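Here this note's numbering runs 470 ahead of the position in the sequence shown, where the first position is 1.
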Amino acid sequence: MTADMTTHADLLRHTLVDTLAQNLTRRGLTLFPDVERALRTVPRDKFVPEVELERAYADTAVVTKRREDGTGLSSVSAPNMITDMLLQAHGTRGLAGAHVLEIGSGGYNAALLRELVGESGSVTTVDIDSEVTDRARRCLDAAGYHDVAVVCADAEYEIEAGRRYDLIIVTVGAWDIPPAWIGQLTDSGVLVVPLRTHGTTRSWELRRTGDQLISLSNMLAGFVPMQGAGQREGWSVALHEQVTLWLNEIYQQQFDGTHLDGVLAHERREAGTGVIVPGGRRSADLDLWLATHLPDFAMMISQQSAVTSGLVSPASPFGTPALAHDSSLAYRGRLKALSDTEFEHIVYGHGPDAEQVVQQMAEQIRAWDAAGRPAPTLHVTPIDAPEHDLPHGQVLTKRHSRLVFAWN
Ligand SMILES: C[S@@+](CC[C@H](N)C(=O)[O-])C[C@H]1O[C@@H](n2cnc3c(N)ncnc32)[C@H](O)[C@@H]1O
Numbered sequence: 471m472t473a474d475m476t477t478h479a480d481l482l483r484h485t486l487v488d489t490l491a492q493n494l495t496r497r498g499l500t501l502f503p504d505v506e507r508a509l510r511t512v513p514r515d516k517f518v519p520e521v522e523l524e525r526a527y528a529d530t531a532v533v534t535k536r537r538e539d540g541t542g543l544s545s546v547s548a549p550n551m552i553t554d555m556l557l558q559a560h561g562t563r564g565l566a567g568a569h570v571l572e573i574g575s576g577g578y579n580a581a582l583l584r585e586l587v588g589e590s591g592s593v594t595t596v597d598i599d600s601e602v603t604d605r606a607r608r609c610l611d612a613a614g615y616h617d618v619a620v621v622c623a624d625a626e627y628e629i630e631a632g633r634r635y636d637l638i639i640v641t642v643g644a645w646d647i648p649p650a651w652i653g654q655l656t657d658s659g660v661l662v663v664p665l666r667t668h669g670t671t672r673s674w675e676l677r678r679t680g681d682q683l684i685s686l687s688n689m690l691a692g693f694v695p696m697q698g699a700g701q702r703e704g705w706s707v708a709l710h711e712q713v714t715l716w717l718n719e720i721y722q723q724q725f726d727g728t729h730l731d732g733v734l735a736h737e738r739r740e741a742g743t744g745v746i747v748p749g750g751r752r753s754a755d756l757d758l759w760l761a762t763h764l765p766d767f768a769m770m771i772s773q774q775s776a777v778t779s780g781l782v783s784p785a786s787p788f789g790t791p792a793l794a795h796d797s798s799l800a801y802r803g804r805l806k807a808l809s810d811t812e813f814e815h816i817v818y819g820h821g822p823d824a825e826q827v828v829q830q831m832a833e834q835i836r837a838w839d840a841a842g843r844p845a846p847t848l849h850v851t852p853i854d855a856p857e858h859d860l861p862h863g864q865v866l867t868k869r870h871s872r873l874v875f876a877w878n
């Protein structure tokens, strides 16, 4: 019986890894052999014993703790997300011999890291919730990973006085980079962190140089938000029962959303941009360009019913860039098909100054195109870094750090 179960779990695990590898190839990425070996070795089912084997090896997160309203507090992350972040963590240098701090403990990712760092490396995983650390400890022991250290603490702060890590991998959605994360990295150590800016979370691979971090890669990600001292909620303005504007970087007292009441009832204006793309891909770089170049930027989230009824036609219902100005609104619309392979970026707007705001957003889409459709590099500097030390780019001031987005 046990032997059969093991065989079935192994089979499911290898099938999952085959799929992960194929999906990476489709995206032009490679699964490093040591990451692949770790994924084929660690028994994920031992880290989600509450679900059946098929679910343990499905490519989805398993929520292990919820708030009263049903939203997730803790989970064992989805294998594709874990793999993407491990590839960022691995970088070109690999992880053999590395000393790693994982923030957010499901057990599974810590076990994968343990496989990757080998005998001479070490893995410490920290979680703010003792139920989560108890669970992680139990699962790690059940799977034979007794040498992963599990700590219960708020990872906003230093975990062990004076200890430095080659890699800090954050597996919870952060809004800022607290000083302890930079301070605990070795020189040229790497921080991989899902960081929320302007309402969208991207996992950034950031290398330490002095007291700054510079990005090597980024990709879209989704994570439960940080708790404890680093917690920061966004806030929203309802444009309609089914359409909401999320403002994450603008403080509530600086923005009067009441002007936007009923804005969608105004006739819709459309502005073409002349910027043609092949379609089928998310325009993540463009969206970050818009977020960093437009004032009063927000993300507009729409229920599917609002899209189906034609009330709005966003680039994505889960979040499209929007610009609010007094009683008017512009947002990036669904790509307009010009042919099977050519799609145009479109901007829609409503309100008395719709023409002005749609043109403002359209101009920025054209500016991004004219700049060569660049990708962002993120520089993270401590909040007290002198202005003249900041690299050239768009500055976003957080609580502990300044983020500077440079475009190349
Ligand atoms: C997505 S789960 C971690 C997934 C895990 N790494 C895995 O193996 O799949 C995120 C975790 O972050 C934890 N967390 C939230 N805020 C934290 C904080 N300030 N310090 C440490 N852990 C925190 C939550 O309790 C939650 O268990």
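Backbone N, C-alpha and C fix where the C-beta goes; we use that ideal spot for every residue, glycine too.
A quick note: this is a predicted structure, and the numbers were derived from the prediction, not measured.
query                                                                                                                              : result
Cβ neighbours of T790 in the same chain (closer than 6 angstroms, five flanking residues each side left out)                       : M770, P784, Y801, R802
Same chain only: Cβ atoms within 6 angstroms of M471, ignoring 5 sequence neighbours per side                                      : In this prediction, M471 scores a pLDDT of 46, lower than 50, which makes its location untrustworthy; the coordinate-derived value is nonetheless stated afterwards. For M471, where only same-chain residues beyond five positions count, there are no Cβ hits under 6 angstroms.
Continuous alpha helix (DSSP H) assignments of at least 4 residues falling wholly in the segment 530–575                           : 549–560
Proximity of G749 and F693 at Cβ, strictly below 8 angstroms                                                                       : no
Chain-order list of residues whose beta-carbon lies under 7 angstroms from that of Q697 (same chain, five-residue window excluded) : I598
Contact set for A526: own chain, Cβ-Cβ below 7 angstroms, skip 5 residues either direction                                         : R514, D515, V518
Inter-residue Cα distance where the pair is V593 and A741                                                                          : 52 angstroms
Through-space distance from K806 to S797, alpha-carbon basis                                                                       : 26 angstroms
Between the CA atoms of T714 and A794 - distance to the nearest angstrom                                                           : 12 angstroms
Cβ-Cβ distance between T534 and S544 below 8 angstroms                                                                             : yes
Separation of I552 from N579, as counted between CA atoms                                                                          : 7 angstroms
Proximity to E643 [Cα-Cα], best of R702, Y615, A612, G591                                                                          : The identity of residue 643 in the sequence shown is Gly, whereas the question assumes Glu. Taking only the C-alpha atoms, the option nearest G643 is R702.
Backbone secondary structure at W705 - three-state DSSP                                                                            : strand
Beta-carbon separation (whole angstroms), S547 vs T641, contact threshold 8 angstroms                                              : 6 angstroms
Bridge partners - C622, DSSP secondary structure assignment                                                                        : D597
Check: N550 C-beta below 7 angstroms from any heavy atom of ligand 1                                                               : no
Reduced DSSP category for N688 - H, G, I as helix; E, B as strand; rest coil                                                       : strand
DSSP beta-bridge partners of R739                                                                                                  : G819
Distance cut-off 7 angstroms: M696 Cβ against heavy atoms of ligand 1                                                              : yes
Identified DSSP bridge partners for I803                                                                                           : It should be noted that the sequence gives Gly, not Ile, for residue 803. P784.
Between the CA atoms of H736 and P853 - distance to the nearest angstrom                                                           : Looking at the sequence shown, residue 853 is not Pro but Ile. Taking the straight line joining both Cα atoms gives about 42 angstroms.
Residue(s) in a DSSP beta bridge with V663                                                                                         : W674
Three-state secondary structure (DSSP) of M769                                                                                     : strand
Contact under 8 angstroms by Cβ, L661 with I638                                                                                    : yes
Proximal residues to L758 (C-beta, below 8 angstroms), its chain only, five neighbours per side dropped                            : T667, H668, T670, R672, P846, F875
DSSP-derived helix/strand/coil call for M471                                                                                       : Annotation note: pLDDT 46 at M471 (below 50); position unreliable, no value reported.
Collapsed DSSP secondary structure at L879 in the structure displayed                                                              : Residue 879 lies beyond the range of the chain shown here (471 to 878); nothing can be said about it.
Straight-line gap, Q864 to E585 (C-alpha atoms, nearest Å)                                                                         : 39 angstroms
Candidates G567, R633, G576: closest to V620 by CA position                                                                        : G576
Of the residues H862, T562, C622, D604, the one placed nearest I573, counting alpha carbons only                                   : C622
Residue burial classification, A566 (beta-carbon count within 10 angstroms, cutoff 16)                                             : exposed
Check: V642 C-beta below 7 angstroms from any heavy atom of ligand 1                                                               : yes
Inter-residue Cα distance where the pair is P549 and Y615                                                                          : 19 angstroms
Cβ-heavy atom distance, N878 to ligand 1, below 7 angstroms                                                                        : no
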